[in-house]
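For reference, the structure is listed below as structure tokens.
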Amino acid sequence: MRGDPIPSTLIEKVNEYIPDDFYKLLYIFEDENGLNKVGKLCSWIHSDIMDDNVHMEPCGVHSCLIGNTNGTDLVNNGLVNGNGDSAGSKSWRPNHILDFSDLSIGDPIYDLIPIYLDIFRGDRSLLEQFLKSYKLPLVRGVSQNESVKGGDKFGRLSYHAMCYCILHDDNVLGAIFSLWDELKTAKTWEEVEQVVWGELNNYKGFPGSSSSSAFLSSLEPTTPTTL
0 MRGDPIPSTL IEKVNEYIPD DFYKLLYIFE DENGLNKVGK LCSWIHSDIM
50 DDNVHMEPCG VHSCLIGNTN GTDLVNNGLV NGNGDSAGSK SWRPNHILDF
100 SDLSIGDPIY DLIPIYLDIF RGDRSLLEQF LKSYKLPLVR GVSQNESVKG
150 GDKFGRLSYH AMCYCILHDD NVLGAIFSLW DELKTAKTWE EVEQVVWGEL
200 NNYKGFPGSS SSSAFLSSLE PTTPTTL
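The sequence shown runs contiguously to residue 226 in numbering that gives the first Met the number 0.
Here it is, written out as structure tokens:
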């Protein structure tokens, strides 16, 4: 990713912002019995879901809408489908994700970074719709009788995402400051966090039901069978 430089004011404060021990990003919480538990489950992560790694296929507007009445995953001539529904118009939908050379095991929030910043170009409405559609199990819900270790900031998904952006191998921060001009005058990382990732704190897709637990189990990495 290419982008603009990081404000010097924020560079000076980066050590104050990121955790002193990164195990805290595992969302450690204390349950009602006083036992420490990990609120995150690791899953397979692609690590590079950018626009050039998503294969799009063309389809007719009406045929694409079959089985998808909302049309939320369709793009028509570069715009969200819904304008110019003529007989000759075409829509595009994602069909495959390419290039698994960087496949690893980790926090599923990590894959949201290239999706949100590169594919969605920082559009919060697209991120919100994406989260609603996929119901990603980003973290286990914490009840009123439980508390997250390390303080309130570790209970914010936005804080986790922002830390990953700072620590990312690619120039993710440069992309952020090129997408949000107003953040070039930001005084704190918390300000950047809320503008960029604040939508994650409204996310209600935490696993809690038995069906969600089964879905989480399906995401847990397993050792391939050998013959």
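All C-beta atoms in this analysis are idealised placements derived from N, C-alpha and C, irrespective of residue type, glycine included.
Quantities reported herein were computed from a predicted structural model and do not represent experimental measurements.
Under the DSSP assignment, residue 196 falls in the alpha helix (DSSP H) whose first and last residues are 188 to 196.
Bounds of the alpha helix (DSSP H) holding residue 175 are 171 to 178. Across the structure, residue 39 and residue 159 are spaced so that their CA atoms are roughly 11 Å apart.
Between residue 155 and residue 200, the beta carbon gap of about 6 Å places them in contact (Cβ cut-off 8 Å). Residue nearest to residue 137 within the set 10, 24, 4 is 24 (criterion: CA-CA distance). Residue 123 sits in a helix when the DSSP states are folded into three classes. The closest CA to that of residue 163, considering only 107, 131, 134, is found on 107. Taken through DSSP and simplified to helix, strand or coil, residue 36 comes out as strand.
In this structure, the beta-carbon distance from residue 161 to residue 192 falls below 7 Å.
DSSP places residue 44 inside the beta strand (DSSP E), whose first and last residues are 42 to 44. Taking the CA atoms as reference points, residue 109 sits about 31 Å from residue 58. Straight-line spacing of the CA atoms in residue 101 and residue 184 works out to 34 Å. Comparing alpha-carbon positions, the option among 129, 13, 4 lying closest to residue 115 turns out to be 129. Put simply, the backbone Cα of residue 122 is about 25 Å away from that of residue 105.
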